[in-house]
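Single-structure report; data block below.
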RNA sequence: GCUGGCGUAGCUAAGCUUGGCCAAAAGCGACGGACUCAAGAUCCGUUCUCGUAGGAGUUCCCAGGUUCAAAUCCUGGCGCCAGCACCA
């Protein structure tokens, strides 16, 4: 299973397909196809895709979205628009750092991957440097894009770590600050006490473990001891303070004093450490827990007095090392109470107060049974799940989770002052009130331990002056929301989803102090701009980048004054730039902007696209705001996202083998046909191979059609034969559909028409004897150009090198439209009649057991045509579609008098309701001679199609002797009655076949 | 948990926005036939069940509902997938 040799020789891509494709790629490059030229007066189209991060090597799953972009760009180019399709690399952030560190430790997969790209052992050390690694990977991406036939503007290629790009980013942030879009406020960030700021993410670049940890925020409520000191109890459910029966502290060990704002609190040692990092203050004396035995504390809000008890339930490492006990709603507390001596237990159980109701009808059926029977919710859950005791951790945890979830989602408070509110609301209000009245502090904690590469435990530290992009700003948000309606968003579902996503958007940290690649923050160079934040407005920079590539602009000239002028027209511009050049840059920007389409994978729905809109809207005037977004889904592996393992394990072929086996066009066609772009498609090697075969088949069919074609379009002669008229008409109609599909970026629909339907139609035309060379040339020429966006190499290959030299590349030709082939409505109508007859005969034969030999078609009598017209007219005039009324209409016509006896039977052949609904849309029936000529012309086809020896066409009136079973009464205008003649009985011989 | 998506014949996958022409496109597979010494390819046909007359029955995850009419709309359920913030 590993080579083209397995396939059928003449349909597999030829063994040198990659080489042939590279020839055409070279021709496109030489022809400067990708280089956009600002051409005032000419329509333009600017398209970008969310540039990839530099995390590793490309696989065939990535290429789906990119080739969609290329096909869109090619289509617009062929429509005569000036297409600007740049591409770049997002080198900022951690991925390149991770990659280079893998090189540094000579990670096997990474080194093998590099070897495939021709990197030798001795050059590896160079790639241990993150920036070099990023640039190298960027070049591999560009190469892969080219190998897939993508034509982009190389002069705009950039990486986000280039010095000129950094100038652009600096300007952007200065500008955003000037416009009040940057705000400073506290933030809580992962921090290693030894190594400094670290990043907690799944790739674990900085970490030894804990990459999936999340930051959980507890509210630590303060309970007052009689001596005035306070105990901090961390909780995720502050609203349950209204049901506290007691406090729990660890069974042994000690607490420490933590002093803050003149108050003294008792917390565990680990809790104090967190508070020092996140809040400040200082620690004081150590307090052994046994010294607290028998103490009473006063709860905030309720001022009720509750005892302080020790329990093994409390883990001093979690939260603040003390918790409040709410037995009615916390299964662990309920169970802990059961394990106390009876004298203590009874009053506490009596005090357990139910704070909320759980309406059964709102609970999922599976949860309903959990909350049945006696006692508070925690007790019900403990009983139903059979929790044995505190040591039964598994069941206890399940009980806890299910109670918390149900109460959070569906609980309604029954205590004042929150009576009637949802638990969710009450929780937020209690937390807010507690903080503002100094009844509580917030404590943040990782959901699992996070260990730095250096071995130290990562903590959460408060950063008092973090910079944020003010995406929560109401006015800004409304501008973004308002602009959505003016955009084309693919798929439209995403357009509908965006307002909700914007609601959820809040201020977003824009800078970080970490060891990653990026641009230093101009306002304070100790900070580095965050990687999402540096890639929001970049499409605009591609335009400027071309001048840097051409060495007409120097990095030092890219000052804030320069960008202010180029992007906004404000200020005098940069004095060191020649005014004419400055004008030219400005003009190019105004020519190519606004951006027509930005493509990105589905993960960008909440990550890239919203900030992309926010920043454009903040930085540019409304006419330059983006016009379109296209979100695509991915090719996945069997188990989800394609991973390195899939490629290594052979589940997904590496890019080079895929290209060698199926060619870029085979893959491009596969992507287009596999599914709509708005859905994941599981990689299917067989389907891909079939798509590649289909591409070759199209080449085989297309080539001969082009014999003798000199220019891309020729005069399309008018056609006299019925078959040719039909074929021309269906191709006309198909091209119209293809055009619409491309305008909607619906490449699947376009590909089905062009690579599946059109070959079938062509075969049918030929199979019925069609061979008009002019018509075939016109069809071939249109077909050639129509397939060029999706399978560009194939189109060029069919066109050939010689014609490419003389006439030009297909990639530059005019995209075909329906007007290139004449359409003949009556030919289509005739064909539709034959189609329906074909269906009727097929369904008849289905029930026909013995082999059919002869078929008679009875063409409806002329009076039936008149009757049908009369009925239509009556129905259109408002007559109700019932037998009686229609008969009345028929009786009114003198000419029908002789046939009134047969009329009711005739009417019963119709679905009258249906006839009424179509009365206005369908055409009048043909005269019987005309209809008969249609059937006569179809006879050879019908004989062939159904293997009939003889097909006779007979007028109903003259068919009496040929119709022993009286079938001919069934004849309707346009739908002849059918009579299958039973073969003569030949008991011992099989009936002869035609 | 939140947000979004998905569940269609043996498989892949259209259709669902705008209910009816839907036993439901297309491709694959399977089966039959033509061609061939033969295989492959190609071409033609069949592919839910029943039916010697163009028909009937039962279907689009499940259960209800709306409607003259539901794959399509509504409600509920079950199952699967993705993203969830400073990370590209």
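In the working numbering, the protein residues as written are 45 to 1038.
Even for Gly, the Cβ is constructed at its ideal location relative to N, Cα and C.
So, with DSSP's three-state summary, where would you put residue 673?
strand
Note down the Cα distance separating residue 113 from residue 762, rounded to an integer number of angstroms.
38 angstroms
How close, in whole Å, do the beta carbons of residue 481 and residue 581 come, if the pair is a contact with beta carbons under 8 angstroms?
With a Cβ gap of about 43 angstroms, residue 481 and residue 581 do not count as contacting.
What number of angstroms, rounded off, separates the C-alpha of residue 782 from the C-alpha of residue 874?
Distance between the alpha carbons of residue 782 and residue 874: 24 angstroms.
Can you tell me whether residue 277 is helix, strand or coil according to DSSP?
Strand.
Classify residue 545: buried if its beta carbon has 16 or more other beta carbons within 10 angstroms, exposed otherwise.
exposed
Using the C-alpha atoms, what's the distance from residue 938 back to residue 945?
Each residue's Cα considered, the two are about 14 angstroms apart.
Within 10 Å of its beta-carbon, does residue 289 have 16 or more other beta-carbons around it, so buried, or fewer, so exposed?
buried
Specify whether the segment 97-112 and the segment 67-75 touch according to this definition: at least 3 beta carbon pairs, one from each stretch, less than 8 angstroms apart.
no
Report back the beta-carbon spacing between residue 775 and residue 805 to the nearest angstrom; my notes put them in contact at under 8 angstroms.
Taking the Cβ atoms as the reference, residue 775 lies roughly 7 angstroms from residue 805, within the contact range of under 8 angstroms.
Look at the alpha carbon of residue 322 and the alpha carbon of residue 264, and state the distance between them as a whole number of angstroms.
13 angstroms
Determine the DSSP secondary structure at residue 466, reduced to helix, strand or coil.
strand
Assuming residue 80 contacts residue 833 under a Cβ cut-off of 8 angstroms, what Cβ separation, rounded to an integer in Å, is found between them?
17 angstroms between Cβ atoms; not a contact.
My understanding is that residue 723 touches residue 677, with C-beta atoms under 8 angstroms, so please give their C-beta distance in whole angstroms.
5 angstroms
Using beta-carbon positions only, say whether residue 25 and residue 632 come within less than 7 angstroms of one another.
It is not possible to answer for residue 25, since the shown part of the chain is limited to 45 through 1038.
Compute the Euclidean distance between the alpha carbons of residue 571 and residue 232, then round it to the nearest angstrom.
15 angstroms
Name the one or two DSSP bridge partners that residue 233 has.
Residue 233 is bridged to 505.
Look at the alpha carbon of residue 457 and the alpha carbon of residue 220, and state the distance between them as a whole number of angstroms.
C-alpha separation (whole angstroms): 44 angstroms.
How is residue 52 classed by DSSP in three states: helix, strand or coil?
Any reading at residue 52 is ruled out, since the residue's pLDDT is 36, under 50, leaving its predicted position unreliable.
What does the alpha-carbon distance come out to for the pair residue 305 and residue 485?
12 angstroms
Name, in chain order, the residues that DSSP records as bridge partners for residue 757.
Looking at the DSSP assignment, residue 757 forms no beta bridge with any residue, so it has no partner.
Starting from the Cα of residue 312, find the closest Cα among 332, 476, 477 and give me that residue.
332
When the distance is taken between beta carbons, is residue 387 closer than 7 angstroms to residue 292?
no
Pick from 391, 60, 284: whose alpha carbon is nearest that of residue 372?
284
Where do the ends of the beta strand (DSSP E) carrying residue 90 lie?
88-93
On the three-state DSSP scale, how would you describe residue 383?
In this structure, residue 383 counts as coil in the three-state DSSP scheme.
Residue 699 to residue 68, Cα distance in whole Å?
For residue 699 and residue 68, the distance between alpha carbons rounds to 19 angstroms.
Identify which residue in 203, 573, 971 has its Cα closest to the Cα of residue 913.
The candidate whose alpha carbon is nearest that of residue 913 is 971.
Which same chain residues end up closer than 8 angstroms to residue 496 when comparing Cβ atoms and leaving out the 5 residues on each side of it in sequence?
Excluding the 5 residues flanking it on each side, residue 496 has same chain C-beta neighbours closer than 8 angstroms at 236, 238, 239, 242, 250, 251, 252, 502, in chain order.
Grab the span of the beta strand (DSSP E) containing residue 533 for me, first residue to last.
532-534
Which residues share a DSSP beta bridge with residue 292?
353, 367
Closest to residue 509 by C-alpha separation, out of 548, 557, 530, 517, would be which residue?
557
So, helix, strand or coil for residue 32, using DSSP?
Within the shown structure, residues of the chain are numbered from 45 to 1038, placing residue 32 beyond reach of any answer.
So what's residue 732 in DSSP terms, helix, strand or just coil?
helix
Any idea if residue 708 is buried or exposed, counting beta-carbon neighbours within 10 angstroms, 16 or more meaning buried?
buried
CA-CA distance, residue 897 and residue 1014?
21 angstroms
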